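Q:
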Amino acid sequence: AQSVTQPDIHITVSEGASLELRCNYSYGATPYLFWYVQSPGQGLQLLLKYFSGDTLVQGIKGFEAEFKRSQSSFNLRKPSVHWSDAAEYFCAVAGPSGNTPLVFGKGTRLSVIA
Amino acid sequence: ETGVTQSPTHLIKTRGQQVTLRCSSQSGHNTVSWYQQALGQGPQFIFQYYREEENGRGNFPPRFSGLQFPNYSSELNVNALELDDSALYLCASSLEGNTEAFFGQGTRLTVV
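Chains as they are written, first to last, in the working numbering: chain A, 444 to 557; chain B, 154 to 265.
(1) Which residues does DSSP list as the beta-bridge partners of Glu509 of chain A?
(2) For a contact meaning CB atoms closer than 8 Å, what does Gly257 of chain B contact in chain E?
(3) Counting only the same chain and skipping the five closest in sequence on each side, list residues whose C-beta sits under 6 Å from that of Gln445 of chain A.
(4) Distance check for Gln481 of chain A and Trp526 of chain A, CA to CA, integer angstroms please.
(5) Just checking Ser247 of chain B against the ligand HEM - is the residue's beta carbon closer than 7 Å to any of the ligand's heavy atoms?
(6) Please classify His453 of chain A as buried or exposed, where buried requires at least 16 neighbouring CB atoms within 10 angstroms.
(7) When Cβ atoms are compared, which residues of the region 197–224 of chain B fall closer than 8 Å to chain A?
(8) Under a three-way DSSP split, which group does Lys549 of chain A fall into?
(9) In three-state terms, what does DSSP make of Leu248 of chain B?
(10) Determine, for Leu262 of chain B, whether the minimum Cβ-Cβ distance to residues of chain A falls below 8 Å.
(11) So, at 7 Å on beta carbons, what are the nonlocal neighbours of Leu489 of chain A in its own chain, with the 5 sequence-adjacent residues on each side left out?
(12) Do Gln201 of chain B and Gly209 of chain B come within 8 Å of each other at the CB atom, strictly closer than that value?
(13) So which of A:Ser461, A:Tyr468 and A:Thr455 has the shortest CA-CA distance to Cys534 of chain A?
(14) Going by other Cβ atoms of all chains shown within 10 Å of its Cβ, with 16 needed for buried, is Ser513 of chain A buried or exposed?
(15) Measuring alpha carbon to alpha carbon, tell me which residue in A:Tyr493, A:Ala530, A:Gly548 and A:Ala508 is nearest Arg520 of chain A.
(16) What does DSSP give as the partner residue(s) for Phe256 of chain B in the beta ladder?
(17) When DSSP labels each residue in this structure, what does Leu229 of chain B get in the three-state scheme?
(18) Compare the beta carbon distance of Leu243 of chain B and Gln190 of chain B with 8 Å and say whether it is the shorter of the two.
(19) Say whether chain B places a C-beta atom closer than 8 Å to the C-beta of Leu545 of chain A.
(20) Ordered along the chain, which non-local residues of its own chain (more than five positions away) have a Cβ less than 8 Å from that of Gly169 of chain B?
(21) What residues in its chain sit with their C-beta under 7 Å from that of Ala400 of chain A, if we drop five residues either side in the sequence?
(22) Can you tell me which of B:Thr263, B:Asn230, B:Leu192 and B:Thr184 puts its alpha carbon nearest to the alpha carbon of Phe256 of chain B?
(23) Less than 6 Å between C-beta atoms, sequence neighbours within five positions excluded: which residues of the same chain meet that for Glu531 of chain A?
As structure tokens, then:
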């Protein structure tokens with residue numbers, strides 16, 4: 444069965460510092476991979492996605508993620524965090540065909556301090 | 154702004170009651186998926202509708218049911234509400250054959 448593990452429940456970083464959020468997945472083949480962000484009480488906004496090709500993908504708001512097949516990982520990074528990045532971040536996987544449902548991790552809550 | 158709208162935004166129901174949540178998909182999208190997000194958890198897949206037919210279902214009991222209409226909008230119905238049904242219910246729309254899903258803002262259901 445597909446599964447996603449986000450090992451860090453809560454991370455606190457200083458504004459301007461770099462950020463890396465970890466994501467590991469379990470899937471029989473190379474899945475489609477996603478990172479979503481959720482502000483309190485809100486829906487999910489797609490930050491970036493990986494389907495195939497270049498393993499380093501760029502997203503919105505200055506985020507990037509790297510797919511590492513050997514480690515079954517898809518870690519999210521940002522070189523300089525802004526206070527507005529404080530939110531919940533979810534990694535998700537889906538099967539490599541259309542209309543397959545997303546399987547989410549439990550999320551990592553990011554706090555940003557001055 | 155994704156173009157996916159959900160109503161209502163919040164509601165409170167009593168255990169044993171029934172509830173209907175609504176979702177209007179993004180223009181041109183013919184697939185709607187529903188997810189349940191309990192507090193402190195990631196969203197969990199309930200079911201998906203494609204061209205008015207259920208097209209996949211997660212591990213949820215039959216008292217969770219749905220509909221999709223010809224304009225691709227959708228309803229989620231939950232019968233015999235239980236306290237554990239309290240959650241944020243998210244609707245996501247996508248285009249046939251495209252895994253990228255666009256989420257609405259969700260409906261916060263509280264069962265007391």
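Glycine included, each C-beta is placed from N, C-alpha and C at the ideal position.
Remember, it's a predicted structure, so these values are computed and weren't measured experimentally.
A: From the atom records:
(1) Paired residues: A:Leu499 and A:Asn518.
(2) The chain labelled as chain E is not found among the protein chains of the depicted structure, namely A and B.
(3) Here Gln445 of chain A has Tyr470, Val536 and Val546 as same chain residues with Cβ atoms under 6 Å from its own Cβ, once five neighbours each way along the sequence are excluded.
(4) C-alpha separation (whole angstroms): 15 Å.
(5) The ligand HEM is not among the ligands present in this structure, which contains no ligands whatsoever.
(6) Classification for His453 of chain A: exposed.
(7) The residues in question are Gln197, Phe198, Gln201, Tyr203, Asn208, Gly209 and Gly211.
(8) Look at Lys549 of chain A here: in three-state DSSP terms it is coil, with no helix or strand label.
(9) The DSSP-derived three-state label of Leu248 of chain B is coil.
(10) No, Leu262 of chain B does not count as interfacial toward chain A.
(11) If we look at Leu489 of chain A and ignore the five residues flanking it on each side, its Cβ neighbours are Phe477 and Tyr479.
(12) Yes, the pair counts as a contact, with Cβ atoms nearer than the cut-off.
(13) Of the listed residues, the one whose Cα sits closest to Cys534 of chain A is A:Tyr468.
(14) By the Cβ-count criterion, Ser513 of chain A is exposed, with fewer than 16 other Cβ atoms from all chains shown falling within 10 Å of its own Cβ.
(15) The residue with the shortest Cα to Cα distance from Arg520 of chain A is A:Ala508.
(16) According to DSSP, which records beta bridges pairwise, Phe256 of chain B is partnered with B:Ala245.
(17) The answer is strand: DSSP assigns Leu229 of chain B an E or B state.
(18) Inclusion of Leu243 of chain B and Gln190 of chain B in the CB contact set at 8 Å is warranted, their separation being smaller than that value.
(19) Cβ-Cβ to chain B under 8 Å: yes for Leu545 of chain A.
(20) Correct list, in chain order: Ala233 and Leu234.
(21) With chain A covering only 444 through 557, there is no way to say anything about residue 400 of chain A.
(22) Comparing Cα-Cα distances from Phe256 of chain B to each of B:Thr263, B:Asn230, B:Leu192 and B:Thr184, the minimum goes to B:Thr184.
(23) Sequence-distant Cβ neighbours of Glu531 of chain A in its own chain, meaning closer than 6 Å and more than five residues away, are Gln481, Gly550 and Arg552.
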